[in-house]
Ligand SMILES: [Fe+2]
Ligand SMILES: [Fe+2]
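In this note's numbering, the protein residues as written are -2 to 300.
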């Protein structure tokens, strides 16, 4: 173990940052549709040079809506997973039980926040934007995997949020302040989740042989492939939303470029940034250098 994460310190940090949904969305907190929602490093609309500036802005906002909806989706599997993990050792460590219950409670709050956001986005944007789902089916498919494989997926997702916020969002002055505030508040609580995920991974890996760990890593990669297939479908949904929102009829070669650029952007956003996050790589290395090698052998396809 080469970190200092503990259930007690994450619980203290969580209490200090805890926010209420009604304080960050609704009322005076309005989305500004004249501004981009997503940083360009994740939205990747600029390479689509055949689009006008206004069309790029629309696509950026569609990607922003999809981004928060996809978090809402994945958090629907994280919530029951964390609750099951908590229940297994309720009596042994009070700080553990409280920190994990706080984690679950925050994910339930994030799910509700993202649903609320989707409603507001819909009203302001004016065009219905489809997002992959339904959440129950996606959650069921992911939860059918081995617990350590699921814990690695959760670890990946929560460190990915850290990377997005710190590297691309925090210092981007062009983004809509309200959308940015939602990302910031989400990130503030995800900081603790990423640490708790590390502790969950360590606890689930305890006593496992190298072969068992490598088998869990395969399950993590299977979940990644499942998410990747969902992202391919999402690019089609985003193309359809874009066409309906702008009335822009792309030629076949423009559609080809749209799919190519956006699929790459989605893969980087949801898969590459997590798989290659130094903290994820470090945790894999601690489990087994072979686990790290295995993930590093496939991650370039998502970068
Ligand atoms: Fe969350
Ligand atoms: Fe989280």
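For every residue, glycine included, the Cβ atom is placed at its ideal position computed from N, Cα and C.
Item	Value
Residues that residue 183 bridges to, as DSSP identifies them	The partner list for residue 183 (beta bridge, DSSP) is empty, contrary to what the question assumes.
Neighbourhood of residue 80 by C-beta distance below 7 Å, restricted to the same chain and skipping five residues each side	101
Residue 142 (DSSP reduced to helix, strand or coil)	coil
C-beta contact flag for residue 217 and residue 266 at 9 Å	no
Cut-off 8 Å between Cβ atoms - residues of its own chain near residue 53, not counting five sequence neighbours on either side	42, 43 and 45
Heavy atom of ligand 1 within 8 Å of residue 223 beta-carbon	no
Close-in-space but distant-in-sequence residues of the same chain around residue 189 (CB under 6 Å, 5 per side omitted)	7, 10 and 11
Test item: CB-CB of residue 277 and residue 184 under 9 Å	no
Residue 77 to residue 97 span [Cα, whole Å]	11 Å
Near ligand 2: residue 14 beta-carbon under 8 Å from a heavy atom	no
Close Cβ partners of residue 300 (< 7 Å) along its chain, the five nearest in sequence each way excluded	265, 269 and 273
Top-ranked residue by Cα proximity to residue 242, from 20, 214, 25 and 55	55
Assumed close pair residue 285, residue 124 - CB separation to whole angstroms, cut-off 8 Å	Not quite, the Cβ-Cβ distance comes to about 48 Å (not below 8 Å), so this is no contact.
Pair within 9 Å by beta-carbon distance, residue 172 and residue 32	yes
Cβ pair residue 179, residue 67 closer than 9 Å	no
Residue 79: CB within 8 Å of a non-hydrogen atom of ligand 1	no
C-alpha distance - residue 253 paired with residue 48, whole-angstrom precision	14 Å
Among 196, 244 and 250, nearest to residue 82 - alpha-carbon criterion	196
Straight-line gap, residue 120 to residue 60 (C-alpha atoms, nearest Å)	16 Å
Beta-bridge pairing of residue 317 - partner residues as DSSP gives them	The shown model of the chain, from -2 to 300, leaves out residue 317, and the question about it has no answer.
Distance cut-off 8 Å: residue 176 Cβ against heavy atoms of ligand 2	no
Environment of residue 301 [buried if 16+ CB atoms lie within 10 Å]	A query on residue 301 cannot be resolved here, the shown segment of the chain reaching from -2 to 300 and no further.
Where residue 127 falls: helix, strand or coil (DSSP)	coil
Pocket of ligand 1 (residues with CB nearer than 7 Å to any heavy atom), chain order	68, 72, 103, 104, 107, 183, 186, 187 and 190
Where the alpha helix (DSSP H) through residue 66 begins and ends	50 to 84
As assigned by DSSP and simplified to three states, the class of residue 263	helix
Three-way DSSP call (helix, strand, coil) for residue 102 in this model	helix
Cα-Cα separation, residue 388 to residue 143	Nothing can be reported for residue 388, as the shown portion of the chain is limited to -2 through 300.
Heavy atom of ligand 2 within 8 Å of residue 158 beta-carbon	yes
Residue 100: CB within 8 Å of a non-hydrogen atom of ligand 2	yes
Local conformation of residue 289 per DSSP, three classes	helix
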